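Participant:
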Amino acid sequence: MRSFACVKESSTILTITGSDGTGLSGVQADMKTISALGGYAMSAITCITVQNTLGIQEFYDLPAAVVRSQIEAVVNDIEPQVIKVGLIRSVETLDVIIDAILRYRPRFVVYAPASVSAKGDRLMGEDVLTQIQRRLIPLCTLVAPQQHTLHGAQNTYCSAVAVYLSQNFSIEEAQERAARFAKGMMARTAEPQGRSMELYQAFVSTVEQHAKTNSDVAFYADCLNVSPRYLSQVCRKLGEKTPKQIIDTTLLACIHQELMLTTHTFQEIAYGCGFSSQAHFSKFFKKLTGMTPSDFRRQNKE
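The sequence shown begins at 330 in the numbering used here and counts up one residue at a time.
1) Does the distance from the C-beta atom of G568 to that of T382 stay below 7 angstroms?
2) Could you check how far apart the C-beta atoms of T344 and V356 are, in whole angstroms? I think they sit under 8 angstroms.
3) Pick out whichever of T579, R627 and Y559 has its Cα sitting closest to the Cα of T591.
4) For T375 versus T422, is the C-beta spacing smaller than 7 angstroms?
5) Taking the Cβ atom as the reference point for each residue, do K439 and I430 lie within a distance shorter than 7 angstroms?
6) Assuming C564 and P557 make a contact with CB atoms under 8 angstroms, what is their CB distance in whole Å?
7) Between the alpha carbons of R436 and G347, how many angstroms are there, rounded?
8) Name the DSSP bridge partner or partners of E408?
9) Is DSSP giving F548 helix, strand or coil here?
10) Is the distance from the Cβ of V490 to the Cβ of L465 below 7 angstroms?
11) Tell me whether T362 is buried or exposed, calling it buried when 16 or more other Cβ atoms sit within 10 Å of its Cβ.
12) Below 8 angstroms on the Cβ atoms is my contact criterion, and I expect C583 with C602 to pass it. Report the Cβ-Cβ distance as a whole number of Å.
13) For P442, does the count of other Cβ atoms within 10 angstroms reach 16, so buried, or fall short, so exposed?
14) Taking Cβ to Cβ, would you say V407 is nearer than 7 angstroms to Y389?
15) Using CA atoms only, rank isn't needed, just tell me which of K541, V396, Q410 and V420 is closest to R434.
16) Return the first residue and the last residue of the beta strand (DSSP E) that E387 is part of.
17) Taking the alpha-carbon of Q460 as reference, which of R451, N554, V420 and I400 has the nearest alpha-carbon?
18) With which residues is I374 paired in a DSSP beta bridge?
19) Can you tell me the Cα-Cα spacing of N629 and S623, whole angstroms?
20) Go ahead and label A511 buried or exposed: buried means 16 or more other beta carbons lie within 10 angstroms of its beta carbon, across all protein chains shown.
21) Which of the three DSSP states, helix, strand or coil, is assigned to L528?
22) In angstroms with no decimal places, state the Cα-to-Cα distance between M515 and Q483.
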């Protein structure tokens, strides 16, 4: 087991940023890069994200007091001379980070602007961005250049810069080495591929089989062995509709066929399509089409 004495003598970097469960960005990506270059990564997490290859579903921002405690626990004991700053989502958390920089005065502060995720998700409000530009950036040794400003894309570059600075390279040489390292990593590393397209196609197929008997989103999620939340995310991303909208649209197509191609009564169609009553059936149909079933049948037989 590595001792703290060894840690203090090595290239230690404190990364203050969010957590990304996919490992493509955030503290997970920072730690991989820092370790790959022989550095020792320590962390203070600002935000826990719920995300996958489709994007971020939710943010859970840690209280500023918790962020402060994480930073102080590491800095008081290990005294890292390089701090890398990433995702900041509140002015209160920004205050904590600025206080730590001013109090402990690390040799280098590297900032990786994280305003937009690689999937286009907005990561912070304008108020936080304005405060960062006014108060944090003047304290930084290096801010990621424009080509690295997408959250995730800049992690490798900025983490590499932090390591090289800790190894006493000049700022210019640290940037050059980091750029080469990041380029090589991008060429060698393939991002994990989700199964969203496969799942979406399976969902549509399952809905076509069961639309007349089941309109519950949870039923289809269980059939596909995924959570309703993930199913909703996939449908919105690939189909630009909610699962419920897709179910209702498929059911409506079945009703259209019944009304146009059969002589079944409205009551027979209602029960055959899983409605509890003819009134419920008529209400559903009018809500989606703007007309009653009888008006639709009459219009299509003229």
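Note that beta-carbon positions come from the ideal geometry of N, C-alpha and C, so glycine has one too.
No experiment lies behind these values; they were computed from the predicted model shown.
Facilitator: The short version:
1) no
2) 6 angstroms
3) R627
4) yes
5) As written in the sequence, residue 439 is Val, which differs from the Lys given in the question. No.
6) Contact doesn't hold; Cβ gap of about 10 angstroms is too wide.
7) 23 angstroms
8) Partner(s): none; E408 has no beta bridge.
9) helix
10) no
11) buried
12) 6 angstroms
13) buried
14) Note that residue 407 corresponds to Ile in the displayed sequence, not to Val. Cβ distance not < 7 angstroms, so I407 and Y389 don't count as in contact.
15) Q410
16) G384 to D390
17) V420
18) T346
19) 10 angstroms
20) buried
21) helix
22) 11 angstroms
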